[in-house]
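Right, one structure below, let's go through it.
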Amino acid sequence: MKFSAQSAEGGNPCKKFFASKKSRHLIRQIMRLSFVLAIITFATSSLIFASNTKGQSISTTEVVLGLNHESVFSAIEKIQKQTPFIFIYRNTDLKELKEINIPVQKRTVQELLDVLFNSKRFKITQLNNRILISSIKPEVKALPVDIRISGIVVDEDGVPIPGVSILFKQNNRLSTATDRNGQFGINLPDEGTKVLLFTCIGYQNTEQLIGLENSYKIVMKPSVGSLNEIQIIGYGTTTRKTSTGSVASITAKEIEKQPVGNPLAALSGRMSGVLIAQNNGVPGGAVQVQIRGQNSLSSGGIPLYVIDGVPFTNFNGGSPATDNLNAFGTSGASGGISPFSMINPSDIERIDILKDADATSIYGSRAANGVVLITTKKGKPGKVKIGLNLNTGFTEVNRLIPMLDLEQYLAMRTEAFKNDGVTPNTNNAPDLTVWDRNSSTDFQKMFIGNRGHINEIQASMSGGNEQTRFFFNSAYRRESTVFLGDNNDKRFSSRLNLDHSSLNKKFTASFSVSYANDNTNIPTGDVSSVYNLPPNLPLYDAAGKLFWSTNYANPLATLLKRYTGVTNNLIANANLKYTILQGLTAKANFGYTNTRLDQTATNPASSQNPANNPSSSAEFTNLNAQNWIIEPTLDYVKNIGGGVLTALVGTSFQQNTSNGLDLFGSNYSNESLLGTLGAAGTTTVIYNNIVKYKYNAVFAKLNYNWREKYLLNATFRRDGSSRFGPKNRFGNFGAIGAGWVFSNEDFVKDNLSFLSFGKLRGSYGTTGNDQIANYIYLPLYSSSSTYLGNAATNVGSLSNESIQWETTKKMEFAVDLGFLKDRISFTANYYRNRSTDQITLNALATQSGYSAYTLNLPATIQNKGLELELNTSNVLTKDFSWRTSANITFNSNKVTEFPNLDKSFYSTTYIVGQPINVIRLYHFLGVNPANGAAMYEDRDGDGSITGNDRYVANIGTPFFGGFNNTFTYKGFELGIFFQFNHRFGVTQIVNNRPGALGNQNDYWLGRWTPTNTNASLPGASATAGSVIAASYNNFTSSDAVYGDASYLKLRSVNLSYALPSEWLKQIKMSSCNIFIQGQNLYTWAKNKYILDTETTVPGGPPGLGTGTLSQVLPPLRTIVFGVNCSF
8 MKFSAQSAEG GNPCKKFFAS KKSRHLIRQI MRLSFVLAII TFATSSLIFA SNTKGQSIST
68 TEVVLGLNHE SVFSAIEKIQ KQTPFIFIYR NTDLKELKEI NIPVQKRTVQ ELLDVLFNSK
128 RFKITQLNNR ILISSIKPEV KALPVDIRIS GIVVDEDGVP IPGVSILFKQ NNRLSTATDR
188 NGQFGINLPD EGTKVLLFTC IGYQNTEQLI GLENSYKIVM KPSVGSLNEI QIIGYGTTTR
248 KTSTGSVASI TAKEIEKQPV GNPLAALSGR MSGVLIAQNN GVPGGAVQVQ IRGQNSLSSG
308 GIPLYVIDGV PFTNFNGGSP ATDNLNAFGT SGASGGISPF SMINPSDIER IDILKDADAT
368 SIYGSRAANG VVLITTKKGK PGKVKIGLNL NTGFTEVNRL IPMLDLEQYL AMRTEAFKND
428 GVTPNTNNAP DLTVWDRNSS TDFQKMFIGN RGHINEIQAS MSGGNEQTRF FFNSAYRRES
488 TVFLGDNNDK RFSSRLNLDH SSLNKKFTAS FSVSYANDNT NIPTGDVSSV YNLPPNLPLY
548 DAAGKLFWST NYANPLATLL KRYTGVTNNL IANANLKYTI LQGLTAKANF GYTNTRLDQT
608 ATNPASSQNP ANNPSSSAEF TNLNAQNWII EPTLDYVKNI GGGVLTALVG TSFQQNTSNG
668 LDLFGSNYSN ESLLGTLGAA GTTTVIYNNI VKYKYNAVFA KLNYNWREKY LLNATFRRDG
728 SSRFGPKNRF GNFGAIGAGW VFSNEDFVKD NLSFLSFGKL RGSYGTTGND QIANYIYLPL
788 YSSSSTYLGN AATNVGSLSN ESIQWETTKK MEFAVDLGFL KDRISFTANY YRNRSTDQIT
848 LNALATQSGY SAYTLNLPAT IQNKGLELEL NTSNVLTKDF SWRTSANITF NSNKVTEFPN
908 LDKSFYSTTY IVGQPINVIR LYHFLGVNPA NGAAMYEDRD GDGSITGNDR YVANIGTPFF
968 GGFNNTFTYK GFELGIFFQF NHRFGVTQIV NNRPGALGNQ NDYWLGRWTP TNTNASLPGA
1028 SATAGSVIAA SYNNFTSSDA VYGDASYLKL RSVNLSYALP SEWLKQIKMS SCNIFIQGQN
1088 LYTWAKNKYI LDTETTVPGG PPGLGTGTLS QVLPPLRTIV FGVNCSF
């Protein structure tokens, strides 16, 4: 009935009607009668159609669904979609009910209705397929008044958690839930024991015993390894429970427990399938990442880094990304800038590494080497929170190499000359005839045996309301090196994140901007190699000036050659989202990065031998790189056929521009002006490049989840890149993944009660690798040469318009298991990746004028492996917990195909059927007892030792992993993490021949002598023409210096104490942790004659992390103390 107001002189008849007391009573009677008639109609229609309806009971009919802060009406709609039931109710009876949050699982309709509706307030009646929900009028009873309990539920950071379900354990019924501000109120009987159970997806269940207090603050901890733990994937999120791909994750809590400046260093050994090695221990030094083996012969193997949805610029090949002025590669790994060196680890919320085709193919041509997704912290609703983190500590070399002392060294030198039959003199033996035989310097201790220092301060502020949230953080870190002198790296970083949503939640916007400035001041060379200087080598002459020898450069002079690098990095992005219709959402992601790198390397005349009449020089380079990207997408979600269909389509527009300039200044009149290019007498342009790279793509993803039992995911991407010629500029990539959660099957539930979760999954697809230099498909010209004294231009390389992406086909089969309510979880991944169309050089006849050109070779590289992960919650009590996690990866790499290999450049480098990284070694047989010379196996039996007598050894890591134990007791937490690598690599470094001018480690105390003819090591020789000296020619290419380079590292230990809340209230803090953290604390290895087999530098053995043939500064032992407080 509809009433409309009318104006009349007699007044409004409607107003008169409603003003009547009898009329109002009549209306109430009509409404009651209407509801009774509705019930009679419902019952009658049910009886009429009873004969045609197959009866189903709500107590036996099952549904699979979960609710995430949803209303009762939403729950009823979901039940109706999965069952034949029709619900009848009055909106006014249900509209006051709070939103519900319950995990996804199978329940009967009756069980679900019991959770949704309090039996004291509502009555549920079933008549065939119709369900009537009616309210029950409360009975007036003379009962004692219940006590009122209230409080707030927060996370470990003090942020309120909305939608937490609260269960009164004494009657085992859902009693209430927290509101949007995390607050709750509940009436409990004022008698007996009272315990409340708090549950929420992503958090551990928490119990609270109700005592005399009426108000409580409940702190919920995140679930460790929870199946409902969120995982970040390409253009979306998923959970471990419903994922069909392979994703490894680490959160901020785990990163912040380790005292590292580069978060990549904190990942080593913690993720299966992810091999990480540090190039050195210099602050800001590069860290290399390899995901599931090496896929390419020569193109880059760097993963794709994506920061808050924006691909980070990889300069490899663009223009000289770094000019490698310094010996440490602090500017980045393998000619690229690591995004992690530009990001404060404390800004990172989580890092997710995508490994298989299902997870990576959405990134198409750039995902063959895996994808690293970096998500930074966001503001959370609640009061403004201020955080302060202060820490200080020191670094030092983990172990030094035991060397011969002065007496042992001089005895070896004297013996060497005697073995050679040569008399030492001032030219060939200054250490025996000129230098002080009683003066000794421990060069190792002097140059790298010092302590570096770390000081860091961070301040953050976050907060907001349901509409607008913010997070701001600034940090300053200064870290010095263990080198002699003042050498340091200083970094300032700042980040602001803003999130806003409209009142109706249809529109959301996220904005992020970060700035980082990094200043590095170190020597241009690594002084770690001074360890083998003669111990009596003078450093100063009689006049107090630097001593110079014709045999050695003064090591102090190395410290005078300086490298300074200044990096400024700006990253900004915006993400807009609007819900067009229910289930249909439009998104747009905008990103911009600007990186400027300025480097200077100075070479003063004072750092060079005056006898050579040196002059001062300096080199100046700068690189300015800009990258922008726009990615609009459409998301669609719909319930279909009892399952959930999710679809995504989008496109990507990206452009990188980089300007590189390298200038060399010489003939400086004054060393103090070396940092100024204008003071140079002569200036030479080394290079001046401008490079532009454009990239465009369209992509789509389709996912179907049927009752969280059967999972299907399909992805497709078509990429276009300016790095390739017109004939192959575009490529298609895609994958399909599937999963079966067999633990949701009835036959599994009925027979395997100990199995709480079980899932089989698999995927297959293709990805690409585009890490090549720009413009390779074009003929390039160079102006670096001259003709008749004039500048000239010559052809630098031959064009190839047919060059295309390397393609990697990835296959995976995996099983995820959970036991004893997921107290134990286990994952096994088997994978096989095959990479084809290898981009590399091919030889040309010299008559062509070119030595080689770039093309795609039909070689195939295979990586096959098994990843195993185990997580256990060993002990979980109110005051004490003990958790363990472990992982191990077995990887096998080999060249499966290489047509015409014997006729190519690579006939002596690669072998079909063998890994990419192999080395050919002579087999060391021992020592000839007659003359002390080294002996090697004559494998071909021709009577002489030649290159044909070498055998092939695999330089690599067959398996690696780590295991972690975390203990908590009340406010204390202790974490102990070990990392292990089984590998074949360098075990002994012999930079010069034992007996020559230079010290050796004490391993050579076991050398051959005329009185020790059964020794296992060759004798000492001082001159190149001796029999012993000649036998050393093959020594460093033999298994005498290569072998088992495996190690076990105590990678990290952290101990923290959280101050009790009672103390914090007195000082008005919300949290305060005092901590001590250690990194690279101890190494167990078979050999002690190499600083660290983990270090990998260009020019060393080919396998990642298998050492180097010269000593470099290793990853340092680091110990810091600090306090982290919030207000």
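For the sequence shown, the residue numbers in our numbering are 8 to 1134. Heads up, the beta-carbon is just placed ideally off N, CA and C, and yes, glycines get one too. Keep in mind that this is a model prediction, so the values were computed, not measured.
Residue range 79–89 is occupied by the alpha helix (DSSP H) that includes glutamine 87. Between the C-alpha atoms of lysine 105 and leucine 120 there is a straight-line separation of about 14 Å.
Linking asparagine 898 to proline 388 through their CA atoms gives a straight-line distance of about 45 Å. The region 1070–1085 and the region 987–1003 do not touch, with fewer than three beta-carbon pairs separated by less than 8 Å. Remark: fewer than three beta-carbon pairs, one from each stretch, lie closer than 8 Å, so the region 186–205 and the region 658–675 are not flagged as touching. By the C-beta density criterion, threonine 574 is buried, having at least 16 other C-beta atoms within 10 angstroms. In the three-state scheme derived from DSSP, where H, G and I count as helix and E and B as strand, arginine 830 is classed as coil. From the listed residues Gly189, Ile154, Ser157, the smallest Cα separation to valine 171 is found for Gly189. Straight-line spacing of the CA atoms in tyrosine 784 and asparagine 674 works out to 40 Å. By the Cβ rule, the region 593–609 counts as touching the region 618–636, because three or more pairs are nearer than 8 Å. Under the DSSP assignment, proline 639 falls in the beta strand (DSSP E) whose first and last residues are 624–647. The C-alpha of glycine 268 is placed about 40 Å away from the C-alpha of leucine 1012. Partner residues in the beta bridge of histidine 989, as assigned by DSSP, are Phe966. In this structure, DSSP gives arginine 420 a helical state, which the three-state scheme calls helix.
The DSSP-derived three-state label of lysine 716 is coil. Scanning Gln89, Leu680, Asn445 for the CA closest to the CA of valine 71 turns up Gln89.
Each residue's CA atom was taken as its position, placing proline 352 and glutamate 263 some 7 Å apart. With contacts defined as CB atoms closer than 8 Å, alanine 423 and serine 1028 qualify as a contacting pair. In terms of Cβ geometry, threonine 251 and alanine 564 do not form a close pair [threshold 8 Å].
Sorting Ser1078, Phe966, Leu1004, Gln1007 by C-alpha distance to the C-alpha of isoleucine 283 places Phe966 at the top. Leaving aside the five residues that flank threonine 815 on each side, the residues in its chain whose CB is nearer than 6 Å to its CB run, in chain order, Asn302, Ala375, Thr774, Asn840, Ser842. For leucine 139, the CB contacts under 6 Å within the same chain, skipping 5 residues up- and downstream, are Ile95, Thr132 in chain order. Threonine 527 and lysine 497 have their alpha carbons spaced roughly 6 Å apart.
By the C-beta density criterion, aspartate 493 is exposed, having fewer than 16 other C-beta atoms within 10 angstroms.
For the set Ile358, Tyr585, Val1119, the Cα lying nearest the Cα of glutamate 261 is the one of Ile358.
For the pair of segments examined, the region 656–666 was found to touch the region 697–709: the number of CB pairs separated by less than 8 Å reaches three. Restricting attention to Ser222, Ser1044, Met227, the CA atom closest to the CA of glutamate 214 is found in Met227.
Here the alpha carbon of lysine 885 sits roughly 45 Å from the alpha carbon of leucine 1120. In the DSSP assignment, leucine 123 falls within the alpha helix (DSSP H) that extends over 116–123. Minimum Cα-Cα distance from aspartate 525 among the listed residues Leu652, Lys224, Thr399, Met349 corresponds to Met349. Counting of Cβ neighbours within 10 angstroms places glutamate 1069 among the exposed residues, the total staying below 16. When the alpha-carbon of aspartate 186 is set against those of His76, Ser275, Ser1078, the nearest one is in His76. For lysine 756, the enclosing alpha helix (DSSP H) begins and ends at 753–758.
The C-alpha of asparagine 396 is placed about 24 Å away from the C-alpha of serine 275.
Phenylalanine 401 is a Cβ neighbour of isoleucine 1126, given a cutoff of 8 Å.
Remark: C-beta atoms of tryptophan 555 and alanine 618 approach each other more closely than 8 Å.
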